[in-house]
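With the first letter of the sequence shown counted as 1, position 112 gets the number 114 in this note's numbering; the numbers rise by one all the way through.
A short worksheet on the structure shown next.
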Amino acid sequence: MVHTREQMIFDRDKQALILDGKTLTAQDIAAIKSTDVEMPLPDVFNFLQRWFDESDYIAVHTSGSTGTPKTLQVEKNKMMQSARLTCEYLGLKEGDSALLCMNLRYIGAMMVVVRSLIRGLNLIVRQPSGHPLANVETSLTFA
3 MVHTREQMIF DRDKQALILD GKTLTAQDIA AIKSTDVEMP LPDVFNFLQR
53 WFDESDYIAV HTSGSTGTPK TLQVEKNKMM QSARLTCEYL GLKEGDSALL
103 CMNLRYIGAM MVVVRSLIRG LNLIVRQPSG HPLANVETSL TFA
């Protein structure tokens with residue numbers, strides 16, 4: 003079944019993150035300081051605060067694997083459209099779960115969060131490790 007874009011939330015003012023089953027609005031996230039949460043969540047909240055700010059762009063850093071690392075300004079709307087395509091292709095639906103076990107300095111990790119925001123996925127965050135599924139008790143839809 004393909005899910006249409008009408009079922010996804012592209013208005014950042016209306017987006018919320020479901021984090022380990024708890025729904026957090028942009029206002030909730032703005033009130034949380036990264037020092038108030040346990041690892042690996044500070045990176046998630048730092049990213050979310052940048053996501054929900056007034057800018058239409060977010061800084062993304064390249065790895066430097068093909069040259070000198072660079073900082074790029076990426077349009078948040080384009081990130082949401084990319085997330086939409088992935089969600090449609092994989093048939094992800096609201097309430098499905100997604101595992102984030104990468105460092106948020108990588109675009110791949112950022113996109114897991116963006117997919118969760120626009121599709122209403124339950125984001126399960128774990129510290130990056132060689133065994134990311136070791137401490138996951140929730141059934142995962144997208145990992």
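In this text, a Cβ means the ideal position worked out from N, Cα and C, and glycines have one as well.
Please indicate yes or no: does the CB of residue i lie closer than 8 Å to some heavy atom of the ligand FAD?
i: Glu90; result: Ligands displayed in this structure: none; no statement on the ligand FAD is therefore possible.
Check each candidate in the options and name the one with the smallest Cα separation from residue i.
i: Glu56; options: Gln9, Asp13, Leu101 and His133; result: Asp13
i: Pro134; options: Val114, Leu102 and Tyr108; result: Leu102
i: Asp15; options: Met81, Ile60, Leu119 and Lys95; result: Leu119
i: Asn48; options: Asn105, Ser131, Leu87 and Leu142; result: Asn105
i: Gln75; options: Tyr91, Trp53 and Gly93; result: Trp53
i: Thr64; options: Ala100, Ile126, Ser131 and Gly110; result: Gly110
i: Val20; options: Ala136, Ser141, Lys78 and Val115; result: Note on residue identity: the sequence assigns Ile, not Val, to residue 20. When only C-alpha atoms are compared, the closest one is Val115.
i: Gly97; options: Asp45, Leu142 and Met82; result: Leu142
i: Thr73; options: Ile34, Met81, Ala61 and Ser99; result: Ala61
Taking the beta carbon of residue i as the centre, do at least 16 other beta carbons fall within 10 Å, making it buried, or is it exposed?
i: Gln17; result: buried
i: Asn124; result: buried
i: Met112; result: buried
i: Glu139; result: exposed
i: Leu94; result: buried
i: Cys89; result: buried
i: Arg117; result: buried
i: Arg107; result: exposed
i: Asp22; result: exposed
Report yes if the CB atom of residue i is closer than 9 Å to the CB atom of residue j, and no otherwise.
i: Ile31; j: Arg121; result: no
i: Leu43; j: Val127; result: yes
i: Glu77; j: Tyr91; result: no
Residues bridged to residue i by DSSP?
i: Ala18; result: Thr27
i: Leu125; result: Leu21 and Ala100
Whole runs of the beta strand (DSSP E) within the region 55 to 117, excluding any shorter than 3 residues: 59 to 63, 73 to 77 and 99 to 102
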